[in-house]
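To keep things clear, I will list the structure first and then write my remarks on it.
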Ligand SMILES: C[S@@+](CC[C@H](N)C(=O)[O-])C[C@H]1O[C@@H](n2cnc3c(N)ncnc32)[C@H](O)[C@@H]1O
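Numbering (our numbering), first residue to last: 4 to 442.
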C-alpha cells in the first residue's frame, strides 16, 4: 500500500507561567525540575526552590523554561555581586553562595568520574582563591550600534551575539576593571569606529596590558591619544592590525612569577586566568607528583613552561611538549632566562600519532598533562609506554578528563586523588586535577 508523507502534528507550547520545583543543578549550573518525569532546564533556579517559569522549548526528552520569578528561595541564594549579572553572558552562578558553588563543582566532578571512569573517590579539599577580582585577562567586544550610533563596549549577552556595555567587572582584576570606563570614553572619541575590532586587557606582575585590535589603520592623532592613555595609566599598549600580529607601542613586556620562576609572555599567549589558583594548582601538582631529585618528568601541553620550569627545580630532567611553535621557543627562552638547564622543549601536535618523535623514545618516571578542553585523546593511550608510574592530569573539562581516565585505568593506573580547582568562581567552568598511580 502506498504511504504518503504526513507532517508531524505540532503540539503547541504551553507558554503560561507555571510553578516548578527545582530538584538539582545540571553540569552547566542550570536548575532541573521535572514535569511528567521529563527534565525541564531552568537557568537561575536553585535546588529546593519553587519558581514560576515559562516554557521556551519542549522536546520529547527534555524542555527548557525561562525563570520568571522565584516564589520560594533557597537558603543558598545570594544577591549577585555584579549589576550586569542578569544580562551579561560572562557569569552564570553569582546567585549561588560561593561555598555552595564549590560544593556543587566537587560533586559534579565526583559524579562524572564515577559514571564514566567507573571509580568513586572522595575529593580532596578544593584549591581556592579570591572570589572577586581574580581574572587576569579579558576580551572586550566593540560594536557600533547602528540605531543609536553609540559604541557598545563590553561582553556578550547571555545566549546572544549582542553586547552589554559595562563600565566595570567585579570578577576582573581591579586595575584592569578600572581601565574599562576611561578606555571606552577614549575610543568613543575616535572617528570611524567600525575600524575597531576588540580590546584585550591582560595583567602581568609588572604591568597592565591593553591590546587594541583594529581592522584598518588608526590616524596619527588616535595613536598618540592611545599612547598617552597607556602612559597615564602605567600600562603597556599593543596594537593588533591583523590577527596574531602584535606591535608593542609603549610599556614593558609583561611577565608573571610562579614558584620562583619568571615567565614573560605576549598577550596572545595562553596563561592561566587566575593567578592565585594557578599558584595553588602548581604547588599541588608538584606535591602530588612526589618529586625525587633523580626523577625524569614529561610535561605535556606545557605552554610557556608554567609547570615545567617550577618542576625542573626539584628533579633531574624535564621535557615539555607543546603544539604552538612560538610557545615552544618562548618556553626554551624562559628556561634560559631563569638559568634552568635541565628542561628541554619540543613542538608536537599531541592529537596526532607521535611515534618516532625523539622524546617518545625516552623513559619518564612521572607525567603531567594539562590539555585544552578537547582533552588528550591523541596521546593518552601511550602514557604507560612512556614509562610513567605517576600521572597528574590537570583538566578544564571534566567530561574529557573522565573519558581519558578510562584509558589510564585500562593501562593499569588507579585513580588515587581527585580535586577541584576553583579557577573560575561565579561561572560553571570546572577546573580539576586527578592523580593516577601504577604499581
Ligand atoms: C590549558 S593550556 C595549558 C598550558 C600550560 N600547561 C599552562 O599551565 O600554562 C593547554 C596548552 O595545550 C596546547 N595545545 C592545545 N592543543 C594541542 C595539541 N593538539 N598538541 C599540543 N599542544 C596543544 C595549547 O597551545 C596550550 O598551551
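Positions of the beta carbon are idealized from the N, C-alpha and C atoms, including for glycine.
Alpha-carbon to alpha-carbon, residue j and residue i
i: residue 24; j: residue 75; result: 9 Å
i: residue 479; j: residue 43; result: Lying outside 4 to 442, the shown extent of the chain, residue 479 is not represented and no answer is given.
i: residue 86; j: residue 364; result: 55 Å
i: residue 256; j: residue 383; result: 36 Å
i: residue 111; j: residue 124; result: 12 Å
i: residue 171; j: residue 35; result: 32 Å
i: residue 426; j: residue 15; result: 43 Å
i: residue 409; j: residue 434; result: 19 Å
i: residue 445; j: residue 442; result: This structure cannot settle anything about residue 445, because the visible part of the chain is limited to 4 through 442.
i: residue 29; j: residue 431; result: 10 Å
i: residue 244; j: residue 145; result: 15 Å
i: residue 219; j: residue 210; result: 27 Å
i: residue 46; j: residue 26; result: 13 Å
i: residue 53; j: residue 32; result: 17 Å
i: residue 216; j: residue 18; result: 43 Å
i: residue 173; j: residue 82; result: 13 Å
i: residue 344; j: residue 366; result: 19 Å
i: residue 77; j: residue 49; result: 7 Å
i: residue 134; j: residue 277; result: 10 Å
i: residue 235; j: residue 423; result: 40 Å
i: residue 183; j: residue 169; result: 8 Å
i: residue 195; j: residue 157; result: 19 Å
i: residue 121; j: residue 419; result: 13 Å
i: residue 80; j: residue 97; result: 9 Å
i: residue 177; j: residue 198; result: 28 Å
i: residue 242; j: residue 251; result: 7 Å
Residue j beta carbon less than 8 Å from that of residue i
i: residue 394; j: residue 288; result: no
i: residue 421; j: residue 437; result: yes
i: residue 381; j: residue 346; result: no
i: residue 323; j: residue 351; result: no
i: residue 496; j: residue 313; result: Nothing in the structure corresponds to residue 496, since the chain is present only between 4 and 442.
i: residue 317; j: residue 294; result: yes
i: residue 369; j: residue 292; result: yes
i: residue 137; j: residue 208; result: no
i: residue 204; j: residue 143; result: yes
i: residue 401; j: residue 115; result: yes
i: residue 273; j: residue 305; result: no
i: residue 161; j: residue 51; result: no
i: residue 126; j: residue 105; result: no
i: residue 417; j: residue 386; result: no
i: residue 319; j: residue 297; result: yes
i: residue 189; j: residue 154; result: no
i: residue 239; j: residue 246; result: no
i: residue 328; j: residue 371; result: no
Residue environment, residue i, which counts as buried when at least 16 other CB atoms sit within 10 Å
i: residue 65; result: exposed
i: residue 95; result: buried
i: residue 185; result: exposed
i: residue 415; result: exposed
i: residue 225; result: buried
i: residue 379; result: buried
i: residue 108; result: buried
i: residue 141; result: buried
i: residue 269; result: buried
i: residue 139; result: buried
i: residue 403; result: buried
i: residue 60; result: exposed
i: residue 361; result: exposed
i: residue 342; result: exposed
First through last residue of the alpha helix (DSSP H) which encompasses residue i
i: residue 394; result: Not the alpha helix (DSSP H): residue 394 falls in the beta strand (DSSP E), residues 393 to 398.
i: residue 407; result: 401 to 413
i: residue 283; result: 278 to 291
i: residue 158; result: Not the alpha helix (DSSP H): residue 158 falls in the beta strand (DSSP E), residues 154 to 159.
i: residue 145; result: Run containing residue 145: none in the alpha helix (DSSP H); it sits in the beta strand (DSSP E), 140 to 147.
i: residue 429; result: Element bounds for residue 429: n/a, residue is neither H nor E.
i: residue 250; result: Run containing residue 250: none in the alpha helix (DSSP H); it sits in the beta strand (DSSP E), 248 to 253.
i: residue 267; result: No alpha helix (DSSP H) holds residue 267; the beta strand (DSSP E) holding it covers 264 to 267.
i: residue 116; result: Careful: residue 116 lies outside any alpha helix (DSSP H) and carries neither H nor E.
i: residue 441; result: Element bounds for residue 441: n/a, residue is neither H nor E.
i: residue 183; result: 177 to 191
i: residue 226; result: 223 to 235
i: residue 312; result: 311 to 315
Endpoints, the beta strand (DSSP E) within which residue i is located
i: residue 204; result: 199 to 206
i: residue 323; result: 320 to 325
i: residue 66; result: 66 to 75
i: residue 216; result: 211 to 217
i: residue 302; result: 299 to 303
i: residue 63; result: No beta strand (DSSP E) holds residue 63; DSSP gives it neither H nor E.
i: residue 346; result: 346 to 350
i: residue 329; result: Taken as a continuous stretch (DSSP letters only), residue 329 belongs to no beta strand (DSSP E), being part of the alpha helix (DSSP H) at 328 to 340.
i: residue 194; result: Taken as a continuous stretch (DSSP letters only), residue 194 belongs to no beta strand (DSSP E), as it is neither H nor E.
Margin query: For the stretch 278 to 287 against the stretch 323 to 340, do three or more pairs of beta-carbon atoms, one drawn from each stretch, fall closer than 8 Å, so that the two count as touching?
Written below: These segments do not touch.
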